[in-house]
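Numbering (the working numbering), first residue to last: 1 to 386.
Ideal placement from N, C-alpha and C gives every residue a C-beta, glycine not left out.
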Amino acid sequence: MDKSQRNYFDFTLLLLIFLFMIVSCIAIYSAQKYSPYGINFAARQAVWYAAGFGVSAFVYFFDFDQIKKISPYAYVFGVLVLIALFLAPDSIAPETKGAKAWFEIPKFGSLQPSEFMKLFLIIFLARVISNHNEAYLDRTFQTDLKLLGKISAVAVLPLAFILVQPDAGTAMAVAAIVIGMTFISGINWRIIAVLGGIAAFILASLVAIYLKAPDLLLLVLDPYQLNRIHSWLDPFEDMQNSSYQLAYSILAIGSGTMYGKGFNAAQVNVPEAHSDFIFTIIGEEFGFFGASLVISLYFILIYRIIVIALRNKGPYESLIATGVISVLTFHIFENIGMVIGLVPITGIPLPLLSYGGSSLLGTLLSLSLVLNISAKTKKYMFSEDD
């Protein structure tokens, strides 16, 4: 049999990224007419996309052995930047919307280190898991617990410094990465089931506390976060104050009906529609049909990454792809869910569509790694897989 090898660069994934760029710039252009900032966010988003493609092209040519070697340094660098953000004076890291999560850079804008920390965590956690599995080919309960301890040790610092900002949305995104990569790490399913049961018990306890004595939640949440839960459960109770954003988002999307009001014809003013609430603009102007198309694009995006992860034979590369799938899936579900009132508002962006340089660069870098995996994957012609 011919054992010549074929490389697979996933052009479908690249095409999807370009489609998201077009949709993003169109939606942001429509949303910015209500913005009080007087900034052309659509043009800035196009510049961020160009910058993201440039940086991603550079990262694309790295070999995965090199990425694996530098991953600990990238992780340590990311943690040190988070510590620097925590210690930085308000002059360069002001508190915005109750969180100290951005560095202000003159003539450049803001930079959110946690967006890049997610990528650094993925590549380092993939190294930790793959190295452990190579060292312990005979899996036992003890080796699985040891791996779980390593994963926890890697995750604790980023989670801690993101939570003190406080940025619950990004912290949950980090948790989604850890859960997704743990799930395919090879740890015995019984251990994972026990951990899942503990998590479910904690969640049920928090729900019970909220129903019986909600003020007790102030021990773990600040008043702003607790207010968001109140607004989520009854968004139309206080439409002019705490639940204004969510209530009008629901009204805007509902007013789009089946086919929407048309491009640049949005009539409902939703704060921050160009960033976290960009899906509101899509729902109002292009209706259920347009919103469904966008969601379908996300399904295809995740599907293509899954195909790449399954096709690739390297455990390190597959773990990276799993981390990217985990964080993207969480962001998509959480963002769309929050603008339609399905889940509480957490203030996280919609990948590839929301305005924001840090989020867009972090996502494009993650997807460049996935494209790198697809190109470096080798499949034998006439092999058993065929």
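(Q) Suppose contacts are defined by Cβ-Cβ distances below 8 Å. Is TYR294 in contact with GLU284 by that definition? (A) A small fix is needed here, since residue 294 is Val in this sequence, not Tyr. For VAL294 and GLU284, no; Cβs fall outside 8 Å.
Q) Quick one, which of ASN40, ILE320, SER359 and LEU217 has its alpha-carbon nearest GLU115's? A) When ASN40, ILE320, SER359 and LEU217 are compared, the shortest CA-CA separation from GLU115 is found for SER359.
Q) Whole-angstrom Cβ separation of PHE11 and ILE83, contact assumed at under 8 Å? A) Actually they do not touch by this definition, with Cβ atoms about 41 Å apart.
Q) What three-state label does DSSP hand MET381 in the structure shown? A) In this prediction, MET381 scores a pLDDT of 42, lower than 50, which makes its location untrustworthy; the coordinate-derived value is nonetheless stated afterwards. DSSP places MET381 in the coil class of the three-state scheme, outside both helix and strand.
Q: Note down, one range per segment and in chain order, each beta strand (DSSP E) of at least 3 residues found wholly within the segment 66–138.
A: List check, beta strand (DSSP E) in window: 103–105 and 109–111.
(Q) Considering only the alpha carbon of each residue, which of ILE26, VAL178 and ASP167 lies closest to GLY149? (A) Looking from the CA of GLY149, the closest CA among ILE26, VAL178 and ASP167 belongs to VAL178.
Q: Below 7 Å CB to CB, which residues in the same chain sit around VAL23 once its five sequence neighbours on both sides are set aside?
A: Excluding sequence neighbours, VAL23 sits near VAL294 and LEU353.
Q. For ILE278, which of helix, strand or coil comes out of DSSP?
A. In this structure, ILE278 counts as helix in the three-state DSSP scheme.
**Q.** Beta-carbon proximity of ASN188 to ASP215, cut-off 8 Å
**A.** No. Outside cutoff.
**Q.** Proximal residues to SER130 (C-beta, below 7 Å), its chain only, five neighbours per side dropped
**A.** Only PRO315, TYR316 and LEU319 meet the Cβ criterion.
(Q) Against chain D, with Cβ distances strictly below 8 Å, would LEU87 count as a contact? (A) The displayed structure is made up of one protein chain only, and chain D is not part of it.
Q: Evaluate contact between the segment 214–234 and the segment 197–205, counting only Cβ atoms and requiring at least three cross-stretch pairs below 8 Å.
A: The segment 214–234 vs the segment 197–205: no contact.
**Q.** Pair within 8 Å by beta-carbon distance, GLY443 and TYR259
**A.** The chain is shown only over 1 to 386; residue 443 falls outside these bounds and no answer can be derived.
Q. Hey, how far is the Cα of VAL55 from the Cα of GLU95?
A. The alpha-carbon atoms of VAL55 and GLU95 are separated by roughly 29 Å.
**Q.** Cβ pair TYR75, PHE120 closer than 8 Å
**A.** Going by C-beta atoms, TYR75 is nearer than 8 Å to PHE120.
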